[in-house]
Amino acid sequence: MLAVVVAYFLALTVPYIPHKKVSQEFQEKFSPQEVYGDETGTERVAYIDDNQEALLLRLRMIEEAEEEVILSTFDFRSEESGKDVMAALLHAADRGVSVRVIIDGISGFMSVRNDPYFLALARNENIQLRIYNPVNLLKPWKMQARLHDKYVIVDDKMYLLGGRNTYDLFLGDYSDTPNIDRELFVLEEEERDDTSLAQVKSYFEQVWALSDSRDFLCKKETDEIRECTGELKNRYEELKKIYPSAWEKQDWEAYTMEANKVTLLTNPIEAENKEPWMWYCLTELMKTGNQVTVLTPYIICGQEMYQDMRDVCQNVSSLEILTNDVASGANPWGCTDYMNQKKKIWNTGVQVYEYLGGHSMHTKAMVVDDRLSVVGSYNMDMRSTYQDTEMMLAVDSKELNALIRSQAESDKTYSRTMRDGEYEMGENYQPVEMSMGKRIFYGVLRVLIIPIRRFL
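Under my numbering, think of the first position of the sequence shown as 1184, with each following residue one higher.
Listed below in structure tokens is the structure:
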């Protein structure tokens, strides 16, 4: 039995121990200057930084769909906001819109597989559900690779992409302890083959067609499934009464701002150990400027990433990272690793701000000087770098850049940062004393995670 356990653990971890390098072919294909544009482009953007607005925007977008809705998400749960989205999708399907939904295998295993609400969706003839890399205990070497993408596409008109999962922690005002998150809405004014919308749709089709993406089917309609279908239809009618603004005609041009160019950045899509395309793109983009600010929920870096950060710091005037203070971080693995690794991070030359606001920060974004902004799903950790699918939008827009940078400056006032061996407190930073139980918990976890930190 011990031999079997050891063999299983090795099969689970060994394929992901060696960190791949970016191929010369990809390096030659990616040019950081190509994300910038010389004139105003045909796509407009909006920055969504409120969970309630994020939910209503999804409802509004789905309501406007005439031909197709595509939804990709890491985590989808039949909580209140999840049911709101389901109700909108079901109504769209009932009026003849094609709906395709793809969900990561972990969420598929934990939240979807036996849930009658998802079975009710799958029962509709106009809705297709697929699970990316479903959990298969007989194939442990596949289990580390996850679909971490989060986006919604409507027709050939608009899409929404960022870091929000589809449940109450990220959507609506249903949670008492929501996560702070941001995402980008993109409107296409002129249908073309070279737009970011075309790139996102092409990316989706490639993921959808993978052998790792398996159909989720409802083979038999039970009374419970019929009841859930009826509940979702009734919920749709109630939503129209609760949120009438989501059904009002939207002036999308007034809602958005100009952008010179919007470019999609991604990781490889196969469920396997990956070349770090996203990390390579981000570090190369950092080097196009002088002042770089990164927002990330947590930092879990390997030696290669530390070296890349040192290289960036030698090429720019300032590299700042805003991340959660250990006292407020929602991810215990990220908080624990930061406690172990923070001196190594500081020694790269990065200025780290430990954010302690009202809620945990889940934002994944970056601004370079006063033009470029990057927003999406990528966390600054080894999992997002080498194991997960990831998507970020690089946007050349001074207006968007100024908005994100302004919020980052505000977040700094709720942060502390290490300077010359002493913590410097922001004017709004209020220290929180960890309980004895939490200190003991982190003390134990700091030891336990050492051999498995690259898989966190």
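From the three backbone atoms N, C-alpha and C, an ideal C-beta is built for every residue, glycine too. Just so we're clear, the structure is a prediction, and the values are computed from it rather than from any experiment.
Option in the options with minimal Cα separation from residue i
i	options	result
N1134	Q1311, E1410, S1264, L1195	Residue 1134 lies beyond the range of the chain shown here (1184 to 1639); nothing can be said about it.
E1249	V1187, Y1300, Q1311, I1336	I1336
E1453	A1237, D1287, I1623, K1266	D1287
D1298	P1317, R1329, E1262, M1326	E1262
E1605	Y1536, Y1230, G1224	Y1536
Y1350	S1264, W1435, E1410, V1282	S1264
K1266	N1417, G1472, L1447, K1432	N1417
P1215	V1578, Q1590, S1560, I1483	V1578
L1254	L1242, V1282, V1189, S1379	V1282
V1369	D1377, A1229, R1409, Q1382	A1229
R1260	Q1474, D1376, M1522, R1296	R1296
V1557	P1361, N1584, E1388, V1499	N1584
E1372	A1429, N1316, E1441	E1441
R1243	M1326, T1223, R1599, Y1342	Y1342
P1427	P1634, E1246, E1616, G1279	E1246
L1304	E1467, F1192, D1603, E1404	E1404
K1432	E1503, I1635, L1239	L1239
I1314	D1233, D1258, I1425	D1258
D1434	N1309, K1212, R1227	R1227
E1217	L1628, D1553, C1464	C1464
L1555	N1562, S1618, K1581, A1513	K1581
E1592	I1310, Q1207, L1505, K1325	L1505
Q1524	I1482, N1562, S1501, D1553	I1482
Unbroken beta strand (DSSP E) run spanning residue i, endpoints
i	result
G1559	1555-1559
E1537	1534-1538
F1368	1366-1371
I1314	1310-1315
K1444	1444-1449
S1501	1501-1507
E1610	Element bounds for E1610: n/a, residue is neither H nor E.
R1629	Not the beta strand (DSSP E): R1629 falls in the alpha helix (DSSP H), residues 1619-1631.
S1543	Looking at the DSSP string, S1543 is not in any beta strand (DSSP E), and its letter there is neither H nor E.
R1283	1281-1287
A1548	1548-1551
Where the alpha helix (DSSP H) containing residue i begins and where it ends
i	result
Y1230	It is not in any alpha helix (DSSP H) - Y1230 instead sits in the beta strand (DSSP E) that spans 1226-1231.
L1193	1185-1196
I1528	1515-1529
T1211	One point to set straight first is that residue 1211 is Glu, not Thr, in the sequence displayed. Segment 1207-1212, the alpha helix (DSSP H) holding E1211.
Q1497	1486-1498
I1245	1234-1247
A1577	From DSSP, A1577 is part of no alpha helix (DSSP H) but of the beta strand (DSSP E) over 1574-1579.
D1277	1263-1277
E1458	First-last for E1458: undefined, no H or E at that position.
S1358	Where S1358 is concerned, there is no enclosing alpha helix (DSSP H), given that its DSSP letter is neither H nor E.
T1568	1565-1569
Where residue i falls, given that 16 or more other Cβ within 10 Å makes a residue buried
i	result
T1479	buried
D1398	exposed
A1237	buried
M1293	exposed
Q1613	exposed
M1488	buried
P1201	exposed
A1276	buried
Q1210	exposed
K1665	The requested residue 1665 is not part of the displayed model; the chain covers only 1184 to 1639.
F1301	buried
V1495	buried
G1224	buried
M1549	buried
T1531	buried
K1547	buried
E1366	buried
D1395	buried
N1316	buried
I1425	exposed
D1491	buried
G1291	buried
CB contact below 8 angstroms: residue i versus chain B
i	result
A1229	The structure shown contains no chain B; it is built from a single protein chain.
For residue j and residue i, believed in contact at Cβ under 8 angstroms, the rounded distance
i	j	result
R1566	F1624	Their Cβ separation, rounded to whole angstroms, is 21 angstroms, which puts R1566 and F1624 out of contact at 8 angstroms.
V1383	L1447	6 angstroms
L1576	G1559	6 angstroms
D1594	G1540	7 angstroms
M1574	D1356	No, M1574 and D1356 are not in contact; Cβ-Cβ is about 26 angstroms, not under 8 angstroms.
N1348	S1543	Actually they do not touch by this definition, with Cβ atoms about 13 angstroms apart.
P1198	N1456	6 angstroms
T1449	W1460	7 angstroms
E1467	F1192	So it is not a contact: roughly 36 angstroms between Cβ atoms.
D1364	G1345	7 angstroms
Residue i CB to nearest heavy atom of the ligand GTP below 7 angstroms
i	result
Q1613	For the structure depicted, the ligand GTP is absent and the ligand set is empty, with no information on it obtainable.
Give, in chain order, every unbroken run of the beta strand (DSSP E) that is at least 3 residues long and sits entirely within the region 1369-1435.
If one requires a minimum length of 3 residues, the beta strand (DSSP E) runs lying completely within the region 1369-1435 are 1396-1399, in chain order.
Ranges of the beta strand (DSSP E) found wholly within the region 1314-1353, counting only runs of at least 3
Within the region 1314-1353, the complete beta strand (DSSP E) runs of at least 3 residues fall at 1334-1337, 1341-1345.
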